[in-house]
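Order-wise, the sequence lines are chains A and B.
Using the numbering used here, read the first sequence as starting at 1 and increasing by one per residue.
Using the numbering used here, read the second sequence as starting at 1001 and increasing by one per residue.
In this text, a Cβ means the ideal position worked out from N, Cα and C, and glycines have one as well.
One structure is given below, encoded as structure tokens.
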Amino acid sequence: MISLTINGTPQQLEVAADTPILWVLRDTLQMTGTRFGCGMALCGACTVHLDGNPIRSCATPVSYAAGKHITTIEAMENDAVGQRVQDAWMDEAVAQCGYCQCGQIMSAVALLKSNPKPTDKDITNAMNGNICRCGTYPRIRKAIHRAALYTEVKA
Amino acid sequence: MSTSTTTDPLLLANVSRRGLLKGLGAAGALVLAARWDLAVAAEDEAPKYGADAMPHGWVDNPNVFISIAVDGSVTIINHRAEMGQGIRTSLVMVIADEMGADWSSVKVMQADADEARYGNQNTDGSRSMRHFFEPLRRCGAAARTMLEQAAAQHWQVPVSDCTTTVHQVIHTPSGRALSFGELATTASELPVPERQFLRLKTREQWRYINKQPDQLPPGTTEKAGQPMAIDGRDIVSGKAIYGADVILDNMLFAVIARPPVYGASIQSVDDSAALQVPGVVKVVQLPTASIASAFSPLGGVAVIANSTWAALSGRKALTITWDNSSAGDNAAYDSVAFKAAMEAESLKPGKVVRTQGDIQQALNSADQRFEASYYSPHMAQAPMEPPVAIAHIKDGRVEAWGPVQNPQAARDGLAKRLSLEADNVTVHATLLGGGFGRKAKPDFVFEAADLSQIMDGRPVRVQWSREDDLHHSFFHTVSVDRLEASFNKESEVTGWLHRSLSPSIKSLFGPDSGHMSDIELAMGVRNMPFDIPAIQQETGEAMAHVRIGWFRSVYNIPHAFAIQSFVAELAHKAGKDHRDFLLELLGPDRQIDPRNQNEPWNYREDPIRYPIDTARYRDVIKTATRKANWPGGTRIAARRALGLAVHHSFMSYAAVVMDVEVSEQGEVIIHRVDIAFDCGPQVNPERIRSQLEGACAMGVGIAMMTQITAGDGKVQQDNFHNYLVPRHSQVPKEIHIHAVNDRLDVPIGGAGEPGVPPIAPALCNAIFAATGQRIRTLPIAGQLRTGNS
């Protein structure tokens, strides 16, 4: 039995301790917004927040999250920064196939929470672990700058 | 049109089906009409082109595609696969615009595999808009006409007095109005008007088609210009449903250990440890596909479990000995040795596939001769969503879900494998997390069905890992292109000899001739447009040793790389400006019938309607170079220069100028990219821009880093640590797209693929201009590092 909090809800899970958080989310809890892309923390499609920090859920065993808080894409509609990032993604028409975008958004939200006005270089550093095969990178960059602007306006 | 009183999508599906059954006569008649057109064509012995030449052709019946509920909500069916190109938005937009629907009241419903009903669904070859723009405009126009007729009936007035505005029909003399919802029931009882009575909207009347984001009506865009993307909100909130997001009750999870060598079979399996893994339900051996396996699964050992993680852990615990004897010489495949063998072969005369003038005479009498050989490696499509499918067999029926580019191929294949009538096979197409050609091959759907059958019909989801995807793709081919040219004293090109070698996709479907097919040669070889007195093109033998499949823009990648690099090399040799030299090679503006260049395929489009148009080549070259301030002006500094390339594919024209700096350490910095693109009329300009930006990113990867290699018959890349694809830091921030010939008097061209081929040669030409170092082998990888030059 592993106890942890997911999107604010306490969960008691009967899963093997070595199960990556990704598969707990997807298979056990049927929260499918977090995507499988590589299984080796190489592509970022599975990015979630663990106590606010972006992690690759495909390579993080659920036991590591015991007693901690996981935040997923499903919580972003109720998160002030998450909403702005999602809006910015829409406004820049970022998504093509969209499969990687939940992971991109989770990385972007984590970036903006720690660094509300990132430079291009900050964005590259924070986002370089998130692959997009459709090649939406320039729009992701613009969307992050735009979200930072929204944050500024709101603040 | 069928009507319904509910907005529930599932109920709508049922109602829509009932509506179709009710109107089967009409629908059947229309389908027959489409067939009849074909029959007439056959009688005339005229060849079929475009959508007419595709299996199940096209359908333009509004009863098939449109449903209006009495509350006014409009549901439009999208029958093509959505993989990032935005077709679920763009085709629906075409119907909505022509019928006069308000975008905010439009919903989309994804079609199951059913080409007899919808027309061709094979989403491949950049042809969705090319083949369905006109039929679906007619579909929308027919719906509009029926709504106007319904209003005329209601008011007892001439239909000519009734006009559709937005989501309503107006009686023009009196100003009375009836909404689409109010007219739906009456309209649905009317016969579908005959095609000759349809009035298509003019360009000025379009509200959504061909509009830039800032020209769209209020309420149809997000703040800064997302043009009505159907799935946009679902994507950013995690609600969009891709293949692996389909969850069935009682579902099992499977992964498969497939033979590492193409065609190998199982010698022995020790599954005792795997069966000890908690959650593993069963381990089962699957038959090996015999070579020329087409879309058949490769076979291997499946681990079936009650979760994905248990299945993956179980597979890790398997000990398998493979038997390579069924794989022929594939087990000896070594991509380094194969490159050398192809290069040796390219020195010998090959099989002539196009000739004009006397190449030997041109070469023998040359003032100067120049030759170069180019290499492009295998690649895997590697869509971010690895292949995945779910199948459920019950009561003599199979139902499958998956991210399929070619749903009908999945359906037909399932019917054949399970010996079922097609009526007992349902294939639901989910969103695709990228396709790039990989998901046009439904082997993963067949695997799911085979395993469901083994598990007595329980639903089974087969999940491919990234390693599976890279080891067992249908790989982009591998190519050597050797080019030789002769110059006269005026430094004009008098002769052009191109010897092209690549394993053929045909090897996937039958005996391997070792030579490229007409289709592959039509991707940049035979349709090469240059005005040169003596031209000879040849193929050399190159046998396939892995599954060869199609990858976004296919054989255009190596051919454009070789030809566009070679032209830049020749310009340099001749001491001429590259752009001027390229325009000179194109010669006078003319429309070339590809058949006159021994090119019979032409992407299966009419060679008269879609000729090779050198004026369109010229226009994109001039636009891209002008926008980039060619030859560079003040932007250009030491180790920084512009590079140019142009290519025509999938009936569209793309020219690219790259502004590139190479650091002393060999780091490549792409400051800016200008892409001039001519696909004729642009239905969804914003989406075309994003397709070209994506093509640019993928092309940069092709140039810089992306390759699959093989040793001992096995693919040597496993995951994204050694299969390199572009990341944020490697893709240019500034990509400028310039539309050329966005006019209606040229037929529509493709948008998904044609942006890819010119990227790598433009980048390599810029690197040469900046450094003097010529790249002839892709990817560039470490070639520019100091000491490696």
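With respect to chain B, the C-beta atom of isoleucine 6 (chain A) has no partner C-beta closer than 8 Å.
Separation of the CB atoms of leucine 22 (chain A) and cysteine 46 (chain A) is rounded to 5 Å, and the pair is thereby assigned contact status at 8 Å.
In chain order, Ser1307, Trp1309 make up the part of chain B whose C-beta sits under 8 Å from the C-beta of threonine 19 (chain A). By the neighbour-count definition (other C-beta atoms within 10 Å, threshold 16), valine 1336 (chain B) is an exposed residue. Shown in chain order are the members of the segment 1355 to 1388 of chain B whose Cβ falls below 9 Å from a Cβ of chain A: Gln1381, Ala1382, Pro1383, Met1384, Glu1385, Pro1386, Val1388. Under the 8 Å criterion on CB atoms, arginine 56 (chain A) is classed as non-interfacial with respect to chain B. Ranked by Cα distance from proline 1757 (chain B), the first of B:Glu1605, B:Ala1645, B:Arg1776 is B:Ala1645.
In this structure, the alpha-carbon of glutamine 1205 (chain B) lies about 46 Å from that of arginine 1354 (chain B). Put simply, the segment 1409 to 1423 of chain B does not touch the segment 1585 to 1598 of chain B. Fewer than three CB pairs are less than 8 Å apart. Every unbroken stretch of the alpha helix (DSSP H) spanning 4 or more residues and falling wholly within the segment 1750 to 1789 of chain B is given here in chain order: 1759 to 1771. With respect to chain A, the C-beta atom of proline 1278 (chain B) has a partner C-beta closer than 8 Å. Take the alpha-carbon of alanine 1366 (chain B) and the one of serine 1486 (chain B): they are about 5 Å apart.
Between valine 1388 (chain B) and arginine 1411 (chain B), the C-beta gap is not smaller than 8 Å, which leaves the two residues out of contact.
Residue environment for phenylalanine 1197 (chain B): exposed (fewer than 16 other C-beta atoms within 10 angstroms of its C-beta). Sequence-ordered contacts of the segment 1462 to 1485 of chain B with chain A read Ser1465, Arg1466 [C-beta pairs closer than 7 Å]. With respect to threonine 1123 (chain B), arginine 1176 (chain B) sits apart: the two C-beta atoms are not nearer than 8 Å.
Phenylalanine 1530 (chain B) and alanine 1628 (chain B) have their C-alpha atoms spaced approximately 24 Å apart. Residue pairing from DSSP places phenylalanine 1253 (chain B) in a beta bridge opposite B:Ala1305, B:Arg1461. Taking a contact as a CB-CB distance under 8 Å, the pair asparagine 130 (chain A) and aspartate 122 (chain A) does not count as one, their CB atoms being some 14 Å apart. Measuring C-alpha to C-alpha distances from lysine 1211 (chain B) to each of B:Gln1682, B:Gly1125, B:Ala1274, B:Met1651 identifies B:Gln1682 as the nearest. Listed as beta-bridge partners of alanine 1177 (chain B) by DSSP are B:Ile1170. Residue environment analysis places isoleucine 1608 (chain B) among the exposed positions, since fewer than 16 neighbouring C-beta atoms fall within 10 angstroms of its C-beta.
Within the segment 93 to 105 of chain A, contact with chain B at the beta-carbon level (separation under 7 Å) is assigned to Ala93, Ala95, Gln96, Cys97, Gly98, Tyr99, Cys100, Gln101, Cys102, Ile105.
DSSP places aspartate 1270 (chain B) in the uninterrupted beta strand (DSSP E) bounded by 1265 to 1270. Here alanine 1766 (chain B) is buried: its Cβ has 16 or more other Cβ atoms, across all protein chains shown, within 10 Å.
Inclusion of isoleucine 1304 (chain B) and leucine 1451 (chain B) in the CB contact set at 8 Å is warranted, their separation being smaller than that value. Leaving aside the five residues that flank threonine 71 (chain A) on each side, the residues in its chain whose CB is nearer than 7 Å to its CB run, in chain order, Asn7, Val48, His49.
By the C-beta density criterion, proline 1403 (chain B) is buried, having at least 16 other C-beta atoms within 10 angstroms. Only buried fits lysine 1506 (chain B), as 16 or more other CB atoms lie within 10 angstroms of its CB.
Here the alpha carbons of threonine 19 (chain A) and arginine 1117 (chain B) stand approximately 45 Å from one another. With respect to chain B, the C-beta atom of methionine 127 (chain A) has a partner C-beta closer than 8 Å.
Nearest to arginine 35 (chain A) by alpha-carbon distance, out of B:Val1620, B:Ala1391, B:Gly1243, is B:Gly1243. In this structure, valine 1493 (chain B) sits near leucine 1570 (chain B), with a CB-CB distance shorter than 8 Å. Boundaries of the beta strand (DSSP E) harbouring glycine 1643 (chain B): 1640 to 1649, taken from the DSSP string. For alanine 1485 (chain B), the beta-bridge partners assigned by DSSP are B:Phe1370, B:Trp1496. Among the CB atoms of chain B, none fall inside 8 Å of the CB of methionine 1 (chain A).
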